[in-house]
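Colleague: All residue numbers for the sequence shown refer to the UniProt record's numbering, where the first residue is 1 and numbers rise by one.
All C-beta atoms, glycine included, are put in the ideal place defined by N, C-alpha and C.
Input: one structure, supplied below.
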Amino acid sequence: MRLHEISIMESTIDIVLKKAEECNFKTIRKVTLKIGELSGVMDEALNFAFNELKNYSMLRDAELCIDKVKAMAYCEECKENYPIDHFNKLCPRCGSFSSQIVNGYELYLYSIEGE
Ligand SMILES: [Zn+2]
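Structure, rendered in structure tokens:
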């Protein structure tokens, strides 16, 4: 069990409960998170934390959906985005190093569904 994911999930659930209240939801069906490939967060740990923490009446039947976001960088030379990973951030076309990471580090609540 990793503390990092638990604290992420605690703050996520705080937000979810607030949003649900704003929307007058009685039950939350689905919670979707966007997680960048490079965020360093583990899906299994998030799922585990979610199941541990969801014992609020409103969240009991909720499903956690983790939407992975592919890591991309922008090449100033080629004027286009290309996929990157932890070990290789060089443009596959021209070989230059990009400091403009477009996607991959995100970690946020994307949507909640309920009624
Ligand atoms: Zn390039």
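Which residues count as close to ligand 1 when the rule is a CB under 6 angstroms from any of its heavy atoms, in chain order?
Modeller: In chain order, the qualifying residues are C75, E77, C78, C91, R93, C94 and S96.
Colleague: For L33, does the count of other Cβ atoms within 10 angstroms reach 16, so buried, or fall short, so exposed?
Modeller: By the neighbour-count rule (16 or more Cβ atoms within 10 Å), L33 is buried.
Colleague: Within the chosen definition, does the stretch 58 to 68 reach the stretch 78 to 95 through at least 3 CB pairs nearer than 8 angstroms?
Modeller: Counting Cβ pairs under 8 angstroms, fewer than three are found: no touch.
Colleague: With 16 as the cutoff for other CB atoms within 10 Å, does I15 come out buried or exposed?
Modeller: Exposed, since its Cβ has fewer than 16 Cβ neighbours within 10 Å.
Colleague: Identify, in the order they occur along the chain, each residue of the same chain with its Cβ nearer than 7 angstroms to the Cβ of E5, setting aside the five sequence neighbours on each side.
Modeller: Excluding residues within five positions, the ones whose Cβ falls inside 7 angstroms are V41, M42, A45, L46 and A49.
Colleague: For a quick check, are the C-beta atoms of L107 and G36 less than 8 angstroms apart?
Modeller: In contact: L107 and G36 (Cβ atoms closer than 8 angstroms).
Colleague: Would E77 and S99 qualify as a contact pair, given that the criterion is a beta-carbon distance under 8 angstroms?
Modeller: Against a cut-off of 8 angstroms, the Cβ pair of S99 and E77 comes out as no contact.
Colleague: Using 8 angstroms as the threshold, is the C-beta distance between G104 and L38 below it?
Modeller: In contact: G104 and L38 (Cβ atoms closer than 8 angstroms).
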